[in-house]
Each structure stands twice: as C-alpha cells, then as structure tokens.
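>
Numbering (mature numbering (1 follows the signal peptide of the UniProt record, and there is no 0)), first residue to last: -18 to -1, 1 to 216.
The following block contains the structure:
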C-alpha cells in the first residue's frame, strides 16, 4: 500500500513564522495559514492564533512531549496499516486502513516540521525557543526524546494504546477474517490511546498549533473508531 502523503502538509505554516513576520495579513502579503484536518486545505489562522503568534508565544514541556510521543505513536499506526494489503478480508477495512495511513503520514510530517521550527532551530533564530531539546535528541535531529540538552525524557513503551511486539507479530501472522478482527482491536486501542494523549495536552499545553493538532486527532480518531466498529458489526 502506498501512503498518499498530502503535499499540503509539507507547506504547514507554523506560528513561529507568523511571529517573525508580525502575524496576520499584511496589506502586501498573503494570510498566515493554519493547518487543516487531513484531506482539507490549510485555512487562515484564527485571530487567537495570530494574536498568540504576534506575542511570540512559547511552547511548554507538555507541547514538546506530546509532539515527540505522537510522532512515535502515529508511526506504529503506519506499521499496522502497512500489513493490511496482503492480509485483509474486508474491502471496507482495507479502505479504512488506507484512510488512516493517508491521515497520519501527513500528520507526522506536520509534527516534525513543528519540532524543527520551534524546538530544534537555533535559539537566536527562533522566537518560540524555550530551551527544550535545543540540539535535538542526543545532540542531533530526530524524535526520540532525551539527550543531554533535552529535559523531556520519554518512554515510548508507556504511551497509552501502543501495541507490544508480540501483538504486532501476531497481527503480521494473521490473515482474512482473523486479521480483520485483530486489526480493529489493536487499532481501536491505539486510537483510544491517541485521544487520551490529545485530551491531556489540550489541558496542559499552550502552543496554539499543538492544541489545534490535538483537537484534530480527537475528532479524526474518534470518528475512525466508530467507523471500524461499524465495519465489524456489518
């Protein structure tokens, strides 16, 4: 299965850019864009986002932790959807898996772009730099957390909803209706974990782009859970 990674995600305009350009829309330039939901075009940023950008809003540790963890979380979802093509029984479930991959691939790109713009960029060039992982994990770019310059120490295995290696191996060995059942069970648990993480950052985070991405995850993955339930029930 090929992941249909939307080109629009690569053009995500982060709040840090708005801060550098003064935020909003100038008389001579285009409007600052906010990321849209997967499959949708970016839309003009809300006034709240522009106000935050113009004030040089900084991220906090909850923002960074969420983005780092969600990159890894989404990556496991793609690992599971990669297994679908040669094993799935239900055509509807195959389409559902393709939908998940098409959404989460671009979301990973957007989160990596946010980290690059707001966390890994040199402090003197980054109005939102708050001292988190200034040189990237282990002194280089990536998304593992930790490192001498990074106070965010993450344990990816403790993230809610993550499948363990035994579960992934069993899914890889399954076929047909049994694969469908296992895939829905694992992906539902996985999505529920993502929703839990997103709900937590909406309470503890502060950066408007991160909060918007978390709200998208809550809406998108809750809808996916309902669709997967309907596929099995049908």
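All C-beta atoms, glycine included, are put in the ideal place defined by N, C-alpha and C. On a predicted model such as this, the values are computed, not experimentally measured, just so you know.
Who are the Cβ neighbours of residue 49 in its own chain at under 7 Å, not counting the five residues just before and after it?
Here the set comprises 93, 96, 97 and 192.
> In the DSSP assignment, find the alpha helix (DSSP H) that holds residue 59 and state where it starts and stops.
First-last of the alpha helix (DSSP H) with residue 59: 43 to 63.
> Using only alpha-carbon positions, find the residue among 153, 167, 188 and 83 that is nearest to residue 43.
Closest option to residue 43, Cα to Cα, is 188.
> Is residue 128 helix, strand or coil when you go by DSSP?
Model confidence at residue 128 stands at a pLDDT of 41, short of 50, so the residue's coordinates are unreliable and nothing is read from them.
> Over the uninterrupted alpha helix (DSSP H) stretch that includes residue 186, give me the two end residues.
Start and end: 158 to 186.
> Along the chain, where does the alpha helix (DSSP H) containing residue 79 start, and where does it finish?
Counting along the chain, the alpha helix (DSSP H) containing residue 79 begins and ends at 73 to 97.
> Put residue 70 into one of helix, strand or coil per three-state DSSP.
Three-state DSSP puts residue 70 in a strand.
> If we count the other Cβ atoms within 10 Å of its Cβ and call it buried at 16 or more, is residue 205 buried or exposed?
So residue 205 counts as exposed.
> Does DSSP put residue 40 in a helix, in a strand, or in coil?
Three-state result, residue 40: coil.
> What residue does the alpha helix (DSSP H) around residue 215 start on, and which one ends it?
Segment 190 to 215, the alpha helix (DSSP H) holding residue 215.
> Is residue 140 helix, strand or coil by DSSP?
Here residue 140 sits in helix by DSSP.
> So the alpha helix (DSSP H) residue 155 belongs to, where does it begin and stop?
Unbroken alpha helix (DSSP H) run through residue 155: 147 to 155.
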